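Under full-length UniProt numbering, the sequence shown has 188 at position 188, and the numbering climbs by one with no breaks.
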Amino acid sequence: MARQGDEQLDMDQIDMSMTFSPAHEVGISCGTVTIDPGRAKVLIIWNNRLQIHQLPKGRRNVEEHWFDTALRETHEETGFTATPLALKVPTRAQLPKRALPNKGKGYKKPEILWDHVSREFIGTCSYPDPQSKSPSFKTVYYWAATCDSTSTPDKDTQDEGENLVPKWIDLIDIEKFLRFGAEVAVVKKAVADMKRSGHKIGEQ
């Protein structure tokens, strides 16, 4: 047993629970929950190939920043340009030393930042990728964003072979449309983070 602060760490247990995955078996995709707060609508897509409604998302390009992937994929799949939201997203990311409050010797960084405004991702959906021909476990990172649902989307933004139809739906109808419960949970998390950050939903 090893001691860290006041906690005892069981290294054998950590060793047994730790796993390794080579990069080619790890799928990373990014997307947005894009909301028109005044009209209480969220942007989704109809996937003609799979015959389901889902959130816009897609795979990273090599060396692309994940945040940039989310915005690019949203635009490519829907034609709409999403604006990322800075929110009070509870996160395990840490503040840099220069941003820490000066509370003197012995100050400990919080394990979770609850009220810091940032553009951190709001959550993930993870699953074995059924469309991959080789073993792959996919994790999709989502960011909260906003857009005017009455704006005109750009044309011809989708990749060749994609047949996606963007739709704005009422937030109260997400469970009727979205095929996957995990994506419903992501939308609800975005709404909750927006509200605790002071955004009004459905008040034009």
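Beta carbons are placed, not taken as given, at the ideal position from N, Cα and C, and that holds for glycine. Remember, it's a predicted structure, so these values are computed and weren't measured experimentally.
Exposure of residue i, with buried meaning 16 or more beta-carbon neighbours within 10 Å
| i | result |
| --- | --- |
| Leu-50 | exposed |
| Thr-83 | exposed |
| Pro-110 | exposed |
| Pro-37 | buried |
| Asp-193 | buried |
| Tyr-107 | exposed |
| Val-62 | exposed |
| Ile-52 | exposed |
Same chain, Cβ closer than 7 Å to residue i, five either side skipped, listed in chain order
| i | result |
| --- | --- |
| Arg-196 | Lys-88 |
| His-199 | Pro-37 |
Integer-rounded CB distance, given that residue j should sit under 8 Å from residue i
| i | j | result |
| --- | --- | --- |
| Cys-147 | Leu-43 | 6 Å |
| Cys-125 | Trp-66 | Between Trp-66 and Cys-125 the Cβ distance is about 14 Å, and since that is not below 8 Å, they are no contact. |
| Ala-144 | Ile-122 | 5 Å |
| Gln-158 | Glu-64 | With 8 Å as the limit, Gln-158 and Glu-64 do not qualify as a contact, their Cβ atoms being about 18 Å apart. |
Proximal residues to residue i (C-beta, below 6 Å), its chain only, five neighbours per side dropped
| i | result |
| --- | --- |
| Phe-137 | Pro-128 |
| Gly-27 | Asp-129, Ser-136, Lys-138 |
| Asp-12 | none |
Other residues of its chain near residue i: CB distance less than 8 Å, five sequence neighbours each side excluded
| i | result |
| --- | --- |
| Asn-48 | Asn-163, Leu-164, Val-165 |
| Ala-40 | Asp-170, Leu-171, Ile-172, Ile-201, Gly-202 |
Which whole runs of the alpha helix (DSSP H) in the segment 30-95 are 4 residues long or more, in chain order? 66-78
Does the segment 166-175 come close enough to the segment 184-196 that 3 or more CB-CB pairs lie under 8 Å? yes
Are at least three pairs of beta-carbons, each pair with one atom in the segment 111-124 and one in the segment 90-102, less than 8 Å apart? yes
Segments assigned alpha helix (DSSP H), at least 4 residues, entirely inside the segment 151-203: 174-177, 181-196
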